[in-house]
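Read the structure below first, then the notes.
There are 2 protein chains.
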Amino acid sequence: MGTQRKGGKSGELRPIGVIRSALKSRGKAPKQGAEGAPDAWLEVRSFAADGLDGLLAGDDVIILTWLHRARRDVLKVHARSDRRRPLTGIFATRSPDRPNPVGLHRVTVRKVVKNRLRIGPIEAIDGTPVIDIKPMLSRVQDF
Amino acid sequence: MGTQRKGGKSGELRPIGVIRSALKSRGKAPKQGAEGAPDAWLEVRSFAADGLDGLLAGDDVIILTWLHRARRDVLKVHARSDRRRPLTGIFATRSPDRPNPVGLHRVTVRKVVKNRLRIGPIEAIDGTPVIDIKPMLSRVQDF
């Protein structure tokens, strides 16, 4: 364990793909995928395409995005942008504004076309960088 | 939307805390929290402590970590390190080795002591950087 593995300590994210969606601005996006969000394309970059091997239409996966429009200097918000709600620490909310604005999106893979996945429903806006794809551990519970 | 919000486009992660655990090496850690992992402390850095406001003992949350011992140059693995399983794209597995080694850990908050959370069960090893804490959207399903 004493040796440094390649790239291990670096906290620099390298996007593995990008969301292509009809949603063009944050103001028009639903707050969660289950709240009427559309399907979208996930275009995986060529360097990472081999990592898709084994993913199939019908799979439930978690997409991790980098919410590039988020503010990183906010620690308290009104949940769901509702000012009637009390100011709450961002770690007790799902606000996109947070020190490391990683988005979690549970979606279904609709189809796989080479390095492109049709996925949904997903509230991420067009151009959102994707940093990871993970299978669900079970259909019902974990994540 | 034309202006750049502070820090928004940068993909540089800034850890908000660190795991303090009796698990000291990756080889001894369970592969998932539900597989016999212990409780641990999450020490939140002072700059982010205000973000904890509203988190309570008993809450189910998702901890996002940066798996600093992972390899980032791997695209196919044998799932669960079992060589009898076929080589599979890492996006169809939960292997820690992946281009952006973000770990997802569903845990229960046992107690909150100022800027420290007692959480578990969690398989992350001692010293693992924490990048986010998110509440579960529901007790049963989403993430």
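Chains D and G, in that order, are what the protein sequence lines are.
Letter 109 of the first sequence, counting from 1, is numbered 109 in my numbering, and no numbers are missing.
Take the position in the second sequence, starting the count at 1, then add 1000; the result is the number in my numbering.
Glycine is no exception: its CB is placed at the ideal position from the N, C-alpha and C atoms.
Owing to the predicted nature of the structure, the values given are computational and were not obtained by experimental measurement.
Presumed contact (8 Å Cβ cut-off) between residue i and residue j, rounded CB distance
{"i": "P129 of chain D", "j": "V18 of chain D", "result": "6 Å"}
{"i": "G1036 of chain G", "j": "V1107 of chain G", "result": "The Cβ separation is near 14 Å, so there is no contact."}
{"i": "G1103 of chain G", "j": "L1056 of chain G", "result": "G1103 of chain G to L1056 of chain G, Cβ: 23 Å. No contact."}
{"i": "S1025 of chain G", "j": "N1115 of chain G", "result": "With 8 Å as the limit, S1025 of chain G and N1115 of chain G do not qualify as a contact, their Cβ atoms being about 26 Å apart."}
Residue i - containing beta strand (DSSP E), residue span
{"i": "Q78 of chain D", "result": "Reading off the sequence shown, one finds His at residue 78 of chain D, where the question assumed Gln. Looking at the DSSP string, the run of the beta strand (DSSP E) that includes H78 of chain D is K76 to H78."}
{"i": "G120 of chain D", "result": "R116 to G120"}
{"i": "R1020 of chain G", "result": "G1017 to R1020"}
{"i": "E43 of chain D", "result": "A40 to V44"}
{"i": "P1153 of chain G", "result": "The structure shown has nothing for residue 1153 of chain G, since chain G only spans 1001 to 1143."}
{"i": "T108 of chain D", "result": "V102 to V113"}
{"i": "L87 of chain D", "result": "L87 to G89"}
{"i": "L64 of chain D", "result": "D60 to W66"}
Cβ-Cβ distance between residue i and residue j below 9 Å
{"i": "I1131 of chain G", "j": "T1088 of chain G", "result": "no"}
{"i": "P1135 of chain G", "j": "V1061 of chain G", "result": "yes"}
{"i": "V1077 of chain G", "j": "D1097 of chain G", "result": "yes"}
{"i": "I1090 of chain G", "j": "G51 of chain D", "result": "yes"}
{"i": "R1118 of chain G", "j": "A1040 of chain G", "result": "yes"}
{"i": "R83 of chain D", "j": "L1137 of chain G", "result": "no"}
{"i": "P30 of chain D", "j": "A70 of chain D", "result": "no"}
{"i": "L75 of chain D", "j": "P99 of chain D", "result": "yes"}
{"i": "H105 of chain D", "j": "A79 of chain D", "result": "no"}
{"i": "E43 of chain D", "j": "R72 of chain D", "result": "no"}
Buried versus exposed, by CB contacts within 10 Å (16 or more), residue i
{"i": "S1081 of chain G", "result": "exposed"}
{"i": "V1113 of chain G", "result": "exposed"}
{"i": "G1127 of chain G", "result": "exposed"}
{"i": "D1059 of chain G", "result": "buried"}
{"i": "T3 of chain D", "result": "Reliability fails at T3 of chain D, whose pLDDT of 36 lies under 50, so the model's placement of it is uncertain and no value is given."}
{"i": "A22 of chain D", "result": "exposed"}
{"i": "I1133 of chain G", "result": "buried"}
{"i": "E1012 of chain G", "result": "exposed"}
When you check each C-beta in the region 60-80 of chain D against every C-beta of chain G, which residues fall closer than 8 Å?
-> Hits within the stretch, in order: V61, I62, L64, W66, H68, R69, A70, R71, R72, D73, L75 and K76.
Name, going along the chain, the residues of the region 33-57 of chain D whose beta-carbon falls closer than 7 Å to a beta-carbon of chain G.
-> Those would be A48, D50, G51, L52, D53, G54 and L55, in chain order.
Quick one, which residues of the region 121-137 of chain D are near chain G if we go by CB-CB under 8 Å, in chain order?
-> Correct list: P129, I131, D132, I133, K134, P135 and L137.
Listed in chain order, which residues of the region 1095-1111 of chain G have Cβ atoms closer than 7 Å to some Cβ of chain D?
-> Per Cβ criterion, the list reads R1098, P1099, N1100, V1102, L1104 and R1106.
Cβ-based contacts, 8 Å cut-off: residues of the region 1012-1024 of chain G near chain D = From the region 1012-1024 of chain G, only E1012, L1013, R1014, P1015 and I1016 have a Cβ closer than 8 Å to chain D.
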